[in-house]
Structures are given as C-alpha cells and as structure tokens.
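To start, the structure under review is shown below, and the notes come after it.
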Amino acid sequence: MADNERWLTAHHDPLAALYTFSSCMALADLHGDGEAKLIIADLGTGAYNMKLKVYKGTNLMSENTLIDLPTGVITFHMDTTEPRVPAVAVASGSYIYIYKNLRPYFKFTLPTLEVNPAEFDAWGQARDDLLDVSMLYEILDSLRQEVGECGLTTRSQRFLMCPDHTSQTAFLDQHKGFILKRQTVVTCVSTLKKSHSEDDAISCLVLGTESANIFILDPEAFTILNSMSLPSVPVFLSVTGLYDVEYRIIVACRNGQIYTLKRGTKIGRPTAELTSQPVGLIRRDKTVIVATMDHHLHSFNNKGKRLWCIKLPGAVLCLECLELRTLSLTLVALALADNRVLIYRDKHLVDTIHTEDRVSAMRFGRFGREDNTLVLVLKGGGLVVKILKRTARFDIQDADGPSQGQVVKLNIPKKTKLFVDQTMRERENCVLMHRVFQHDLYRLRLSTARSYVQALETSSNPISLSQTEPLKLSAQVLGLGPTFKLRVELQNTSPSCPSLHLAVIFHCDDRVYSVNKSYIQIPILVPGIIHVAETLLTCVSELGISDTVRVFVVKGKSSRPLLTAVINMPVAEVFMAA
Amino acid sequence: MGVFDKLVFALGLKKREASVLVIGLDNSGKSTMLNHFKSEDQKSTEIVPTVGFNVEKFKARNVGFTAFDMSGQGRYRSLWEHYYHDCQGVIFVVDSSDKLRLVVAKDELDMFLQHPEIRTRRLPILFFANKMDVREAVSSVKVSAALGLERITNKPWHITASNAITGDGLHEGVEWLTNQIKENLNK
Chain A
1 MADNERWLTA
11 HHDPLAALYT
21 FSSCMALADL
31 HGDGEAKLII
41 ADLGTGAYNM
51 KLKVYKGTNL
61 MSENTLIDLP
71 TGVITFHMDT
81 TEPRVPAVAV
91 ASGSYIYIYK
101 NLRPYFKFTL
111 PTLEVNPAEF
121 DAWGQARDDL
131 LDVSMLYEIL
141 DSLRQEVGEC
151 GLTTRSQRFL
161 MCPDHTSQTA
171 FLDQHKGFIL
181 KRQTVVTCVS
191 TLKKSHSEDD
201 AISCLVLGTE
211 SANIFILDPE
221 AFTILNSMSL
231 PSVPVFLSVT
241 GLYDVEYRII
251 VACRNGQIYT
261 LKRGTKIGRP
271 TAELTSQPVG
281 LIRRDKTVIV
291 ATMDHHLHSF
301 NNKGKRLWCI
311 KLPGAVLCLE
321 CLELRTLSLT
331 LVALALADNR
341 VLIYRDKHLV
351 DTIHTEDRVS
361 AMRFGRFGRE
371 DNTLVLVLKG
381 GGLVVKILKR
391 TARFDIQDAD
401 GPSQGQVVKL
411 NIPKKTKLFV
421 DQTMRERENC
431 VLMHRVFQHD
441 LYRLRLSTAR
451 SYVQALETSS
461 NPISLSQTEP
471 LKLSAQVLGL
481 GPTFKLRVEL
491 QNTSPSCPSL
501 HLAVIFHCDD
511 RVYSVNKSYI
521 QIPILVPGII
531 HVAETLLTCV
541 SELGISDTVR
551 VFVVKGKSSR
561 PLLTAVINMP
571 VAEVFMAA
Chain B
1 MGVFDKLVFA
11 LGLKKREASV
21 LVIGLDNSGK
31 STMLNHFKSE
41 DQKSTEIVPT
51 VGFNVEKFKA
61 RNVGFTAFDM
71 SGQGRYRSLW
81 EHYYHDCQGV
91 IFVVDSSDKL
101 RLVVAKDELD
111 MFLQHPEIRT
121 RRLPILFFAN
131 KMDVREAVSS
141 VKVSAALGLE
151 RITNKPWHIT
161 ASNAITGDGL
171 HEGVEWLTNQ
181 IKENLNK
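Protein chains in written order, with full-length UniProt numbering: chain A, 1 to 578; chain B, 1 to 187.
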C-alpha cells in the first residue's frame with residue numbers, strides 16, 4: 001500500500017468483520033469525556049446478527065443487538081440535561097430505536113398506512129375459513145397486478161413469496177389471527193436543530209420513508225411535528241437551518257431527482273434532475289454535491305442550477321464531506337470501485353488514498369481526541385482509521401482550472417433603441433417573417449433546380465457526367481491582348497474507356513474576336529491523361545469591349561455538344577491604355 | 001571549566017540551571033507530570049488543558065530546572081519549534097492508553113527530530129510512557145517500538161513507564177535527565 005504523506009494510518013484491522021454503509025456510521029462523544037466514539041450499526045451477515053457497535057479508540061467498547069437491519073444511525077441531543085451527552089438513534093425497519101448512555105430508551109414506530117380494502121377483506125375471510133389457501137393466493141396475486149407489490153402489506157408480500165402450498169398453509173395458519181397492518185420503512189435519517197444552532201443544541205429527527213414522506217419528529221415527545229410528501233422515495237437527505245426559524249431539506253430521490261422542502265411547504269419542489277440515480281449527496285455552504293451512478297460528480301446551487309460536473313474514473317461507492325475547520329476548507333471524499341479514495345476540492349483532485357480493498361463506508365470527523373479523522377470500512381470487513389497530519393495542506397497545484405480566456409470579460413455594446421425595436425418587431429411578426437423567408441427559399445430552390453436542368457439539357461457545364469463520355473474541361477486565357485491565347489485542358493475521367501472522335505470548337509462573335517483555329521481535332525483520349533488544345537484569339541473590335549467565348553466539345557457528327565464552357569474574356573490592354 | 005568551579009559544583013555550593021522543553025500530544029499528562037514536581041503549597045488541584053505554554057521551575061539533584069510546559073493541542077503545536085533553540089533537554093510525554101494516536105505522536109516526534117535546530121544537537125530526550133495505570137495502556141516497550149525510538153542514534157534517550165497522577169516513575173526519569181544534562185554541562 002503506497003503510503004500517503006498527508007494521512008497517518010492510526011489503526012488498521014482487516015479482521016474487524018464489519019458490514020455497514022456510511023449512513024450507519026456516526027462519530028460522537030457519547031460519554032461527555034471529550035473523547036469521540038465510533039458508532040457503527042453492523043448489518044451482520046445481512047440476515048441476522050445485526051449489532052450496534054461502539055468503538056473507543058481501537059477497542060470495541062460495547063455491542064447491542066439489533067432486531068432488524070439498520071438503515072441509519074445518527075446522534076443527537078434530545079434534552080438539556082448535564083452532562084451534555086447525545087442520544088443515538090438507530091433507524092431499522094419501521095422503527096427508530098433511541099439509545100441513551102448506550103441503553104435502550106425509546107422506540108418510535110412510524111404511522112401505519114391504510115390497508116387496501118380488498119386485501120383486508122381477503123385476509124378477514126381467510127381468518128374465518130371462508131377462503132382456502134389457493135383462493136387467497138389468487139385474490140392477492142390479482143391485487144398485486146393491480147396495485148403493485150409495494151401497495152400490499154408485508155404479510156401479503158411474504159405470503160406471495162411462499163413457494164408451495166404447504167408453506168402457504170403454514171404461513172396462513174401462523175399469521176391469520178393477527179390484525180393486518182401496512183407499515184412503511186425508514187430509508188434515511190438526519191437531524192435538524194430545533195431552535196438554537198449551537199453544536200450541542202436540541203435537534204429534531206428528520207426521517208425519509210419508503211412511502212415517499214418526510215417526517216420531522218419532536219425530540220422530547222417523539223410526536224410528528226411535520227409531515228411532507230415527495231413524488232418518489234427519498235434516499236439521501238441534507239438538512240440545514242432551524243426548525244423554529246427557517247429550514248431547508250434537500251432530498252435526493254430514487255427517481256434521480258432532487259427536491260427541496262422548506263418550512264411551510266408540504267410537497268417537495270423539484271430542484272434538479274440528475275442524469276442517473278444518486279449514490280450520495282452532501283451539502284456545503286450553498287452548493288449541493290451529488291455523485292451519480294453514471295460515474296459523474298455534479299454540483300448544484302440551492303436553486304438547482306448546475307455549477308459544474310466532472311467525469312470520474314470509476315464507479316462511486318460512497319461519498320463523504322471532509323470539513324477541515326483548522327484549514328477552513330471543505331473537501332469531498334469519493335470512494336471508487338478501483339480501491340481508491342479521491343479527495344476533491346471543488347472540482348480539483350487534491351489527494352488520493354489507496355486502500356487494499358474497496359471502501360464501502362466512510363465517516364470523517366472527530367474520533368478519539370483527533371479532529372480530522374477519516375474512518376473507512378472496507379468491503380471485506382476491514383476497519384481503517386486515517387488521521388490527517390497537522391502539516392497537511394490541500395492546495396490546488398494543477399493549472400487545470402478555467403483558462404485566462406474564459407475570465408476575460410467581453411465588451412458587449414449596449415442595446416440601442418433600434419436593436420430593441422427590431423427585436424420587438426421580430427417577436428411580434430415572427431410567423432409572417434418565417435413564412436416570407438420560407439417562400440423565398442422555395443423560390444430560390446426552384447430557380448436553382450430549373451437552371452440545373454437547363455444546363456444538363458444543353459450540356460453547358462464543364463464536366464460531363466454522362467456514362468459514355470465522362471470528360472472534364474477547364475479553360476484558361478493567357479496574355480494581355482489584343483491577341484490572347486486560349487488554352488483548353490481536356491481530361492477523360494472514366495476509369496478505363498478511351499474517348500474517340502472528339503473535337504473542340506471555339507465560338508464567338510466575329511465582330512469582336514477572330515479565332516485562329518476555331519476547330520481543333522482531339523486525338524484519342526486515354527483515361528487520366530490531360531490533353532491541352534490551344535489557339536490564338538485576336539480582338540478585332542475597336543470599341544474596347546470584351547465578350548464571351550464559348551468552348552464546345554463535340555463528338556463525331558453529333559449536333560449536341562458534350563460539354564460547354566463559357567469564358568468571360570478580359571478587356572484587351574491596348575484599348576484600355578488608349 | 002576550571003578546577004575551582006568543579007570543586008564548587010561538586011560541593012553543591014552553586015546550583016546549575018537548565019531549561020527543558022516538555023512536549024507531547026494533548027491530554028498526555030504534561031501539566032500533571034510537572035504539577036507533581038511542585039512544592040505542596042504550589043500544587044494545583046485541578047489540571048486544565050494548557051493554552052499556549054506555561055513556565056514551571058523545579059529542582060532536582062542540585063540542578064534548577066526551568067520547564068516549558070507546551071500545550072499539546074493541534075493548533076498550538078506549531079509553537080514548540082520556537083523553544084528548540086535554548087533548551088538543554090526534552091521531555092516527551094506519550095499517552096500510552098491512546099493507541100489510536102500513537103501514530104500522531106510518532107509523526108510529531110519525527111518532525112521534532114528532523115528540525116534543523118534539533119537534528120545535529122546531542123540533546124537528551126526523556127520519554128514518559130504515561131498513564132500506565134489505565135487498563136488499555138500498552139507497555140513502555142511497545143510505546144518505544146511504536147515511536148520507532150531505536151532509530152534515534154545520535155541522541156541519548158530513555159523511556160520510563162510513568163503515572164503522572166501518583167508520581168510513579170517520574171523521579172527515575174528525571175534523575176536520568178539530570179545526569180545527562182550534568183554531563184553535557186561539564187563538557
């Protein structure tokens with residue numbers, strides 16, 4: 001492992017056997033002794049053996065068994081008693097378990113949802129043995145088609161998952177006696193300071209649920225203070241402000257959208273649309289930074305305007321905000337699938353940490369007595385604690401930033417009255433102007449097509465595209481006058497066929513020009529070879545005018561020329577001088 | 001140094017003066033350790049985190065020590081280097097129960113040893129592997145290994161397990177330091 005000069009490896013335990021995610025880790029001084037502990041909700045095997053673990057320094061200090069899979073761990077102050085020790089809230093299933101001094105203190109249950117009446121009736125009849133197992137299965141299965149899997153209660157979902165008749169019967173017999181309830185689960189959890197913004201002020205819990213709601217809980221009575229709804233399931237929350245004054249909750253949802261909730265709003269306002277599903281959301285100052293599944297890191301302002309977006313070299317596993325108070329800097333750490341942790345300052349990469357495995361969870365903060373500590377949990381269960389050196393600096397050394405040209409302000413002239421009037425006119429008469437333009441365009445195309453057809457019919461073009469005699473002609477006028485030399489180059493452009501019986505004829509007004517050789521016989525034209533035919537042309541007019549000379553290429557006795565070139569003759573010098 | 005001076009010092013008629021620098025991470029027990037050397041009436045009952053630095057004077061075996069008790073907090077550690085120039089000895093206190101931050105202590109020690117004022121001098125360094133009474137504390141041998149003390153070849157050093165609250169091991173350590181400073185002064 002290439003050691004990094006900015007980070008000290010304080011602890012490395014590859015055999016810690018932790019299975020957790022960033023949302024299930026927290027750092028807090030749980031005992032008021034000035035030493036921050038690491039709280040990890042361990043998912044165990046993913047099915048059982050879930051534990052709430054607390055590390056003091058490098059030692060595992062305590063373990064509490066959790067009943068269900070944890071989805072979030074957060075520490076918050078729920079009262080003003082001394083010493084000021086925070087409570088731990090563990091979100092798990094439909095419940096929030098509150099621990100004080102690492103002892104179970106309270107369990108909050110999410111409000112139940114309305115059960116589908118058809119489903120309720122079906123289970124009621126099944127309880128009274130009016131429906132047998134297979135009929136119940138059919139009713140529930142058709143209901144699932146109708147309202148979707150998530151519209152059913154957990155019991156119906158489980159029942160539909162039973163593979164055969166006997167297990168379905170067993171399940172029904174076991175559960176039919178209980179009341180049918182439909183519960184939602186917590187997807188994400190955060191805190192919101194209630195009325196003071198100090199570090200150890202009382203905070204409310206903010207919960208996001210699978211039923212696409214946001215609940216704000218009172219920290220003392222654990223009642224729902226405020227309930228808000230979203231169009232999709234929230235997955236990441238960022239909360240700022242005070243509950244009693246003004247607050248703002250930015251939510252990244254499973255549908256790839258970001259919504260904003262403010263005090264007084266009941267429904268989330270769409271703020272930004274992501275290109276893919278979010279894998280992490282953090283907020284710093286007035287910007288929101290979101291990593292998405294399509295390997296991008298986006299930065300938005302509070303209004304949802306995208307400030308920048310960078311392509312990352314790999315898939316992002318987790319995202320963490322590094323707030324360095326000593327340097328008054330906020331950095332973003334991204335764990336990538338290629339065993340690296342990249343640290344960005346805005347959009348500039350300032351540091352890279354290499355790990356021996358993929359990082360599945362990260363938490364930065366005060367751990368023990370050290371302020372700038374980064375705790376990494378690896379995919380294989382390892383625990384790594386990195387401490388930022390006192391002397392570490394994160395300066396942007398590379399000059400990859402915006403170039404000088406982008407900074408220079410363009411000198412844009414002021415809008416004149418004429419410009420404004422013209423714009424107004426264009427805005428008002430846009431339909432008419434467009435029609436006129438289209439009309440003229442069609443006419444132009446028509447006349448172009450007509451001239452083209454005419455040119456083809458009269459063979460008055462210098463390149464013959466006919467299949468039998470593909471020829472190219474170019475003519476040049478040499479000399480100043482009154483005698484000019486006309487030089488005609490002929491080329492056979494066919495791949496193999498030679499051309500025979502060709503002749504060049506010069507045609508002009510005999511009052512203006514006299515041609516020395518008006519008819520030149522061309523020998524056999526081999527493909528690719530340029531043949532030059534030349535003649536002298538004398539200007540005989542004394543009026544000092546110039547005219548056009550037509551060059552025809554004819555074949556045999558045909559009355560229609562193969563090619564035509566029109567040469568605009570220059571004025572003879574002698575007469576110009578005269 | 002003349003024969004007369006030597007005689008005077010040997011008889012203990014004149015005291016020698018030496019200033020020592022006390023450094024180490026925050027919460028390692030530097031102020032508590034120095035508190036132990038104060039006379040009964042000067043002892044403070046409650047030790048609070050040092051801000052900046054404190055100057056303490058104490059006497060050990062005929063040598064008057066002026067100890068600069070530096071604050072170990074991260075933001076004050078940059079002050080340490082200003083006192084490197086005029087010290088005759090260094091006491092480096094390590095919290096041996098804080099395994100997580102041994103690496104930070106090592107980092108600070110390395111920066112101290114690499115400092116131009118220190119690198120070339122034959123300065124005696126006394127290490128206190130403090131807080132030996134705490135249950136999670138590691139032995140002084142392990143602290144010595146974690147700090148990489150075996151790499152220090154051009155300076156005399158000594159490590160002592162200590163408990164600054166009860167005073168265990170402190171006198172043993174300071175005795176070693178006094179001998180080293182005396183040797184240096186007699187040269």
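C-beta: ideal position from N, C-alpha, C; glycine also. It should be emphasised that the depicted structure is a prediction, and the values quoted were computed from it without experimental measurement.
Quick check on the DSSP output: the beta strand (DSSP E) that includes residue i runs from which residue to which?
{"i": "residue 581/A", "result": "The structure shown does not extend to residue 581/A, since chain A is modelled only from 1 through 578, so no value can be given for it."}
{"i": "Met228/A", "result": "224-229"}
{"i": "Arg103/A", "result": "103-109"}
{"i": "Asn492/A", "result": "483-492"}
{"i": "residue 582/A", "result": "Because chain A here runs from 1 to 578, residue 582/A falls outside it and cannot be looked at."}
{"i": "Lys57/B", "result": "53-60"}
{"i": "Met70/B", "result": "63-70"}
So, is the C-beta of residue i closer than 8 Å to a C-beta in chain B?
{"i": "His354/A", "result": "no"}
{"i": "Lys389/A", "result": "yes"}
{"i": "His77/A", "result": "no"}
{"i": "Met1/A", "result": "Reliability of the predicted coordinates at Met1/A is poor, the pLDDT of 37 falling under 50, and the value obtained from them is presented with this limitation in mind. Not one chain B Cβ lies under 8 Å of Met1/A."}
{"i": "Ala10/A", "result": "yes"}
{"i": "Arg369/A", "result": "yes"}
{"i": "Val54/A", "result": "no"}
Please list the terminal residues of the continuous alpha helix (DSSP H) segment that includes residue i.
{"i": "Thr423/A", "result": "417-428"}
{"i": "Phe176/B", "result": "For the sequence presented, residue 176/B should be read as Trp rather than Phe. That run of the alpha helix (DSSP H) goes 170-186."}
{"i": "Gly124/A", "result": "117-127"}
{"i": "Glu273/A", "result": "Note, Glu273/A: premise wrong, no alpha helix (DSSP H); beta strand (DSSP E) at 269-273."}
{"i": "Tyr137/A", "result": "133-147"}
Any beta carbon from chain A within less than 8 Å of residue i's own beta carbon?
{"i": "Asp133/B", "result": "no"}
{"i": "Glu136/B", "result": "yes"}
{"i": "Leu79/B", "result": "no"}
{"i": "Asn130/B", "result": "no"}
{"i": "Arg122/B", "result": "no"}
{"i": "Glu175/B", "result": "no"}
{"i": "Val20/B", "result": "no"}
{"i": "Lys99/B", "result": "yes"}
{"i": "Asn27/B", "result": "yes"}
{"i": "Asp107/B", "result": "yes"}
{"i": "Val104/B", "result": "yes"}
{"i": "Met1/B", "result": "Legend: pLDDT at Met1/B = 49, less than 50; position of this residue unreliable, value from coordinates given subsequently. Output row for Met1/B: interface = no."}
Looking at the structure shown, is residue i part of a helix, part of a strand, or coil, going by DSSP?
{"i": "Ala91/A", "result": "strand"}
{"i": "Phe171/A", "result": "helix"}
{"i": "Lys557/A", "result": "coil"}
{"i": "Ser44/B", "result": "coil"}
{"i": "Leu207/A", "result": "strand"}
{"i": "Cys162/A", "result": "coil"}
{"i": "Met61/A", "result": "strand"}
{"i": "Pro116/B", "result": "helix"}
{"i": "Lys99/B", "result": "helix"}
{"i": "Glu198/A", "result": "coil"}
{"i": "Thr458/A", "result": "helix"}
{"i": "Ser546/A", "result": "coil"}
Taking 7 Å as the limit between beta carbons, can you name the residues of its chain near residue i, skipping five residues before and five after?
{"i": "Ala315/A", "result": "His295, Leu336, Ala337"}
{"i": "residue 595/A", "result": "Residue 595/A cannot be examined here, being either before or after the span of chain A that is shown, 1 to 578."}
{"i": "Thr275/A", "result": "Thr292, Asp294, His296"}
CB-CB under 8 Å to residue i, same chain, minus the five flanking residues each way: which ones, in chain order?
{"i": "Arg381/A", "result": "The sequence shown places Gly at residue 381/A, not Arg. Within the same chain, Gly381/A has close Cβ partners Pro14, Leu15, Ala16, Ala17, Leu18, Tyr19."}
For residue i, which residues in the same chain have their Cβ closer than 6 Å to its Cβ, ignoring the five residues on either side in sequence?
{"i": "Arg61/B", "result": "Thr178"}
Can you tell me whether residue i sits near the ligand MN, meaning its C-beta is under 7 Å from at least one heavy atom of the ligand?
{"i": "Gln257/A", "result": "Of the ligands one can find in the structure shown there are none, so the ligand MN has no counterpart to examine."}
Touching by the beta-carbon criterion (3+ pairs, under 8 Å), the region 150-169 of chain B and the region 561-573 of chain A: no
Three CB pairs or more closer than 8 Å across the region 102-119 of chain B and the region 57-64 of chain A: no
Cβ pair count under 8 Å reaching 3, the region 90-105 of chain B against the region 144-151 of chain B: yes
Stretch pair the region 87-102 of chain B + the region 18-32 of chain B: three plus CB contacts closer than 8 Å: yes
Contact the region 262-270 of chain A vs the region 283-300 of chain A: 3+ CB pairs below 8 Å: no
Inter-stretch contact (C-beta, 8 Å, three-pair minimum) for the region 87-105 of chain A and the region 128-143 of chain A: no
Touching by the beta-carbon criterion (3+ pairs, under 8 Å), the region 448-456 of chain A and the region 475-490 of chain A: no
Contact the region 31-49 of chain B vs the region 163-172 of chain B: 3+ CB pairs below 8 Å: yes
Stretch pair the region 174-183 of chain A + the region 153-165 of chain A: three plus CB contacts closer than 8 Å: yes
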